[in-house]
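> A single structure is presented below for examination.
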Amino acid sequence: MNIGIILPLVGLIIHGYQIFVGPRIALLGYRNKPVTNLRSQSCIPIPEFEGCEDIRYHPSGNALYLSCAPVESRLLWGPGHGVYKEQTNEDFIGKYDLATNKFSKMSMNTLPEGGLGTHGIDVVDNSDGSATIYLVNHAKNETGGPDFPTTETVEVYKTDKSSNKLTHVRSFNDQNVMYALNAVASDGKGGIYFTNDKPTRVWRGLIDQVLAITDFATSTLGHCNAEGECKSIGSFVSLNGIARIDDDHYVINQMNDGKPLVMERQPDDTLVQIQQFHLGSMMDNVSYDPINDELYIATMPQIHKFLKSQNNPYTGRSPVRIYRLRKTEVSEASYKRIYGEPPAPGSTHYRWRAELILADDGTEVSTVTTVARANDKLYMSGYIHPTGYVCDI
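Read the sequence shown against the working numbering and you will find it ends at 398, with the numbers running on by one and no gaps.
Okay, structure coming up:
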């Protein structure tokens with residue numbers, strides 16, 4: 006072959022590796038250095054948090070709400086990772102009383118049609134001290150067959166802060182735009198934002214592995230208004246968690262990119278990106294701490310170990326890194342450098358800053374998919390993991 010052809014071809018391959026392949030391998034954790042433990046020596050297991058995918062803090066009730074299922078159940082019915090063997094209906098919403106450290110399985114006055122298959126959760130602290138709970142549900146579609154195994158909905162429940170009972174309020178159900186639900190956030194006006202983490206209702210486990218090495222915008226962000234009218238409002242790279250900061254600001258996690266995006270609400274309910282981070286690891290859920298005005302993100306610095314651990318939850322170990330995002334005031338000079346123009350006179354502006362606050366090599370803390378702060382503690386758990394954790398912050 007002509008050397009004049011070979012050399013440019015080799016250069017093109019090397020350049021392609023540096024631009025596309027190398028960064029993706031780094032995100033997967035294959036080239037990362039071993040995780041150095043940071044503040045994880047204080048962590049204590051909480052076995053009651055078994056199989057809890059997501060956690061939210063309810064300040065008025067001084068309690069955590071968790072979306073849970075026994076690990077054995079997750080291994081039989083886990084549409085989030087492509088498992089549709091048997092709907093066990095053992096999933097539940099848990100409540101953890103922070104004053105007494107008592108964990109309770111909450112009772113529901115009504116189960117969703119097709120059963121309960123928990124995933125993402127959001128909790129709104131109402132003015133009367135009650136809690137409104139939004140739950141992503143993967144119900145079994147009894148008549149759908151292999152091409153339509155689930156009915157994806159967001160179920161809304163309400164509970165008094167002193168109660169362990171959930172009263173069903175409503176369902177958000179539009180199978181045209183809800184097909185691979187992962188996370189949900191109240192929109193503060195009676196509606197919701199939600200993420201579809203895959204482009205299809207089936208083969209989600211296989212698609213997970215394929216999309217981990219790509220950079221395609223194959224997941225969607227959706228919105229339903231208070232009347233239940235739902236629509237897709239954008240395509241993104243591997244969306245996972247979402248959290249509401251306030252009625253006009255949200256954060257969404259691009260899992261495979263390692264990029265949390267801070268979003269601002271528009272009059273038509275779409276969200277526009279105003280800031281992004283690159284944490285350098287694949288991510289799962291994000292939660293907002295309303296007491297300290299902070300965000301917390303759980304990441305998986307070595308995703309290959311994370312996937313192995315989910316397949317072998319009782320023996321597998323996967324490293325963990327937890328990041329905190331804090332708001333800092335932007336000076337006039339910094340604002341002009343960022344936005345290209347001076348701020349309005351007398352106005353105050355903020356940017357979020359990320360910091361690593363906890364890390365473990367998988368020995369003390371493992372296979373975490375969510376983290377929430379409450380009363381100066383970090384509470385963590387995993388979608389297919391036999392225990393949760395509490396750590397000092």
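Built from N, CA and C at the ideal position, the CB exists for glycine as well.
Do you know offhand how far histidine 283's Cα is from threonine 148's?
43 Å
> Start and end of the beta strand (DSSP E) containing phenylalanine 241?
235 to 241
> With DSSP run on the structure shown, which of helix, strand or coil describes proline 151?
Of the three classes helix, strand and coil, the one that applies to proline 151 here is coil, per DSSP.
> In chain order, which continuous runs of the alpha helix (DSSP H) of length 4 or greater are located wholly inside the stretch 273 to 361?
If we require 4 residues or more, the alpha helix (DSSP H) runs fully inside the stretch 273 to 361 come out as 308 to 316 and 337 to 344.
> Select from Gly233, Asn201 and Gln180 the residue whose C-alpha is nearest the C-alpha of valine 161.
Gly233
> So, helix, strand or coil for serine 191, using DSSP?
Looking at serine 191 - three-state DSSP - the assignment turns out to be strand.
> Exposed or buried, what is tyrosine 70 when buried is set at 16 or more other beta-carbons lying within 10 Å of its beta-carbon?
buried
> Within its chain, find whatever has a CB closer than 7 Å to the CB of aspartate 165; leave out the 5 residues flanking it on each side and keep chain order.
Here the set comprises Ser135.
> Helix, strand or coil: how does DSSP classify glycine 99 here?
Strand at glycine 99.
> By Cβ distance, which residues of its chain are closer than 6 Å to threonine 93, with the 5 residues on each side in sequence left out?
Ser78, Leu81 and Trp82
> Nearest by alpha-carbon distance to arginine 331: which of Arg358, Pro265, Pro154 and Pro350 is it?
Arg358
> Less than 6 Å between C-beta atoms, sequence neighbours within five positions excluded: which residues of the same chain meet that for valine 325?
Counting only residues of its own chain and dropping the five nearest sequence neighbours on each side, valine 325 has a CB closer than 6 Å to the CB of Asp365, Val370 and Val373.
> Can you tell me whether glutamate 95 is buried or exposed? The criterion is at least 16 other CB atoms within 10 Å of its CB, across all chains shown.
It counts as buried.
> Give me the Cβ distance between leucine 171 and isoleucine 60, rounded to the nearest whole Å; I'm assuming they're in contact under 8 Å.
Actually they do not touch by this definition, with Cβ atoms about 16 Å apart.
> Please classify serine 107 as buried or exposed, where buried requires at least 16 other C-beta atoms within 10 Å of its C-beta.
A small fix is needed here, since residue 107 is lysine in this sequence, not serine. Under this definition lysine 107 is an exposed residue.
> Does the Cβ of proline 350 have 16 or more other Cβ atoms within 10 Å, making it buried, or fewer, making it exposed?
Exposed is the call here.
> Taking contact to mean at least 3 C-beta pairs separated by less than 8 Å, is the stretch 51 to 67 in contact with the stretch 120 to 129?
yes
> Consult DSSP for methionine 183 and reduce its assignment to one of helix, strand or coil.
Three-state result, methionine 183: coil.
> Thinking just about the alpha-carbon of each residue, which of Asp252, Ala248, Asp202 and Leu383 is nearest to the one in leucine 266?
Ala248
> Using the three-state DSSP reduction, which class does glutamate 160 fall into: helix, strand or coil?
strand
> So within the stretch 56 to 130, which uninterrupted beta strand (DSSP E) runs reach at least 3 residues, ignoring any that extend past its ends?
59 to 63, 68 to 73, 97 to 102, 107 to 110 and 123 to 130
> Please state whether DSSP places isoleucine 19 in a helix, a strand or coil.
Since pLDDT at isoleucine 19 reaches only 47, below the 50 mark, its modelled position is unreliable, and the value read off the structure follows with that caveat. DSSP places isoleucine 19 in helix when its eight states are reduced to three.
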